[in-house]
Amino acid sequence: MRSNLAGPRLLLRRLREVMAEPITAQERLDKIVVLIASNVVAEVCSVYILRADGVLELYATEGLNREAVHNASLRVGQGLVGLIAAEARPLNLPNASAHPGFAYLPETGEEAFNSFLGVPILRAGRTLGVLVVQNQSHRTYLEDEVEALQTTAMVIAEMVAAGELEAIAQEATGLDLSRPITAAGVGLAEGVGLGHVVLHEPRVVVTNLIAEDTDQETARLEGAINRLRLSIDDLLASGEIAATGEHREVLEAYRMFAYDRGWIRKIEDAIKNGLTAEAAVEKVQSDTRARMLRQTDPYLRERLHDLDDLAHRLIRELMGREHGPGMDELPQDAIIIGRNMGAAELLDYGRDRIRGLVLEEGGPTSHVTIVARALGIPTVGLVDDIVSLADGGDAIIVDGDTGEVHLRPAADLENAYAEKVRFRARRQAQYRRLRNKPSVTKDGVEFSLQMNAGLLIDLPHLEESGAAGVGLFRTELQFMVASSFPRMREQQAQYSQILDAAGGKPVTFRSLDIGGDKVLPYLRSIQEENPAMGWRALRLGLDRPGLLRTQIRALLHAAAGRDLKLMFPMVAAVDEFLNARALVDKEIKHLRRHGHAVPENVRLGVMIEVPSLLFQLDELMTYVDFVSVGSNDLFQFFCAVDRGNTRVAERFDTLSVGFLRALKSIVDAANKAHVPVTLCGELAGRPLEAMALVGLGYRDLSMSPASLGPVKAMLRTLDAGRLSARLLPRLDPGHDDNNIRDVLKRFAAETDVAL
Ligand code: PEP
Ligand code: MG
């Protein structure tokens, strides 16, 4: 049943006047409750605000005992008011005391009232308080009255969000909106960042809530929805989006919502009740969010994100605002928070002012993670709901080591972290002092420490870390962050920029290692049961020689007149390398024939990452110019543990006898054949593991730039000869004590190795 519509609209008009009055927050709330009570013809109207300690405090009332204001309170979940806050849903009851959740507060004198209508005060799906009306008679409130109360709740939500109520909040507890929150996610890029929140897609704050002219607002909504539909249809029709895949699914979901009559009707109803078009979209979205946030079904939560995005687009459409924060408004210590973003979007912010990155999605291998790591930005991913919990400007700490995010941290926590940051900085400074010191052990064994890279932005680390060269350049990263397949000339330009930036230090390129989990959005991928063991890397390169040939040609051009070092990933049989070598030889001949300059010296190598090669080492060494051990993949296939699966990834120790013997067989075979050997997997960058490699005989290691300092510090305090003498006998059969990790730790402690 509907009452006439003049009521809610009139209420909103009066509310607008109250909002504009130059009075205190308490006076404003007091006036608002009087206004609502008279509009809904209720004897009682009360506002409860959620405090940081999870208690709902009575902030204003018309009809209950005045003395109860700021004295009466309920916990979330307690009584009807607590229930509304907990469930973020209205309650409309003709006989409140009959409800099982009823708990009455004697200090308020509410026992005289029977009917009860309460709505949550919501903002971006978060409950900030509860608004209640009560009557003595047993009445059921009309749909319009519920709407009117919800709309008023929005106005109060804006007062809370604008910080207006802080002035009348009890100092010891404060409001929920400013409550410190610790959220757990997954550490994606190490390091700790302290700073202030910048929302990647800032919520457009709707401050103009109350309509002047309802018909005009309905027409504005219609226009905006039409423009929105057109833009989605255009995107779907344009060839830019692949016919299948994630992007298309998201857009299809957008389209479904944009044409959803139920959604649009709810917005139109809110306008009819006196809201502006943008406020109406926000209100409907806030209601939907509150309802759907309780969903645990991941599919539905995903759709909620889509609907959120769509509502934001519609609001932006209505308010005519460009999306994204203005770069000049970026604080010096920005911590970017977003649902997800592309690698290029992160690069757009510029490195200087970013102290951290927090994403609701974002996995360890996503492109934005790769770039964040390359830029040294502490990053945490998979943090649920962080976008709606955070507000622009909030203080925040990102701990990429533990995967924790502390929003609005308490002062002591902030101090503890500031100390941690200072400690890290001191350690980094110590490592920097080692930069130009030789990588040599106490007993005079010399090492070459190189760094791993994959993007041009990595190259400055070469100078900063003092690395001897780039021991592994993962060429696929540039392909992964590009929006379309880089053409030969683009590839060539990139490779020559890399060589220029390396300034004469050697760079070992690795041919494209795509497939598996490294997918290129623009390259049609096929579904595979076991992509890590599927059509990836050199297998794909040899089956599609066009791709590999283009890359080889680009590398040969780029390195013309200089040295080219190129290695092939995921080789399982010597033949595969010979085929790849034949492709390179053919390309060199082709270039020479056409009068192009070629590199002075081309050296070709193999990554040892498939265990089958362990049984072909002697043959392999006769053909290759060098080998590099990809211990990440080698270990994954050696022990049959998926390197990306956290359930099993830690199951076996990389320092177990079996794997160390395998690593030793490689270095021995290479030394015997006088073939240079490097190890470029993550093992090389962990000081204790690197120490084991030294004991096995490895002298050339390549690692992430940040690991160079710690590994060099270890080397310079190590006696390599003594270590080998301690370690190698342990690998012989017949040892009961197989815990090599402990053996190494004991050795380090006894001989003062800096770990
Ligand atoms: C490896 O597998 O150890 C390696 C260095 O290659 P990626 O990590 O790129 O697979
Ligand atoms: Mg690998």
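Residue numbers for the sequence shown follow this note's numbering, beginning at 1276 and rising by one. Backbone N, C-alpha and C define an ideal beta-carbon position, used for all residues, glycine too.
Taking 7 Å as the cut-off, the C-beta of N1876 does not count as close to any heavy atom of ligand 2.
DSSP lists no beta-bridge partner residue for R1683. P1781 has its alpha-carbon roughly 24 Å from the corresponding atom of L1853. By the Cβ criterion, the segment 1834-1847 is in contact with the segment 1872-1890, since at least three pairs of Cβ atoms, one from each stretch, lie closer than 8 Å. In the DSSP assignment, E1721 forms a beta bridge with V1715. Rounded to whole angstroms, the separation of the alpha carbons of N1370 and R1284 is 28 Å. Remark: the shortest separation between the CB of S1979 and any heavy atom of ligand 1 does not fall under 7 Å. Applying a distance threshold of 6 Å between residue Cβ atoms and the heavy atoms of ligand 1 selects L1747, R1749, D1788, E1884, G1905, S1906, N1907, D1908, C1955, G1956, given in chain order. Taking C-beta atoms as the reference points, L1731 and Q1769 count as a pair closer than 8 Å.
The segment 1704-1716 makes contact with the segment 1979-1998: 3 or more CB pairs, one atom from each, lie closer than 8 Å. Rounded to the nearest whole angstrom, the CA to CA distance from F1934 to R1578 is 45 Å. Using a C-beta cut-off of 8 Å, the segment 1941-1961 makes contact with the segment 1894-1903, since at least three inter-stretch Cβ pairs fall below that distance. With respect to the C-alpha of D1583, the residue from P1477, E1386, D1687, F1910 having the closest C-alpha is P1477. S1759 and V2018 have their C-alpha atoms roughly 50 Å apart. At a threshold of 7 Å, P1985 does not count as near ligand 2, since its beta carbon sits no closer than that to any of the ligand's heavy atoms.
Secondary structure of P1395 (DSSP, three-state): strand. Residue state for E1332 is assigned as strand, using DSSP reduced to three classes. Closer than 7 Å to some heavy atom of ligand 2: that describes the Cβ of P1844. Using a C-beta cut-off of 8 Å, the segment 1470-1488 makes no contact with the segment 1686-1693, since fewer than three inter-stretch Cβ pairs fall below that distance. Under the three-pair Cβ rule at 8 Å, the segment 1642-1657 does not count as touching the segment 1427-1444. By alpha-carbon distance to P1381, the top candidate from S1348, D1674, Y1624, T1783 is S1348.
Sequence-distant Cβ neighbours of G1376 in its own chain, meaning closer than 7 Å and more than five residues away, are G1354, L1355, L1358. Less than 8 Å separates the beta-carbon of E1957 from that of N1907.
At a Cβ-Cβ threshold of 8 Å, A1855 and L1817 count as neighbours. By the neighbour-count criterion, in which 16 or more other beta carbons inside 10 Å mark a residue as buried, E1385 falls on the buried side.
For the pair T1551 and E1803, the Cα-to-Cα distance works out to about 50 Å. Per DSSP, the continuous alpha helix (DSSP H) segment holding I1546 begins and ends at 1536-1547.
Spanning the alpha carbons of G1744 and L1983 requires a straight line of approximately 12 Å. The Cβ neighbour count for R1588, taken over all protein chains shown within 10 Å, is at least 16; the residue is labelled buried. In the DSSP assignment, A1459 falls outside any alpha helix (DSSP H) and lies within the beta strand (DSSP E) extending over 1456-1459. For Q1766, the secondary structure class from DSSP, reduced to helix, strand or coil, is helix. The DSSP-derived three-state label of G1354 is helix.
Contact check for Q1826 against S1786 passes: the beta carbons are separated by less than 8 Å. By the Cβ neighbour-count rule, L1505 is exposed, with fewer than 16 other Cβ atoms within 10 Å of its own.
Secondary structure at A1312: helix, using DSSP grouped into helix, strand and coil. Counting along the chain, the unbroken alpha helix (DSSP H) around C1914 starts and ends at 1906-1914.
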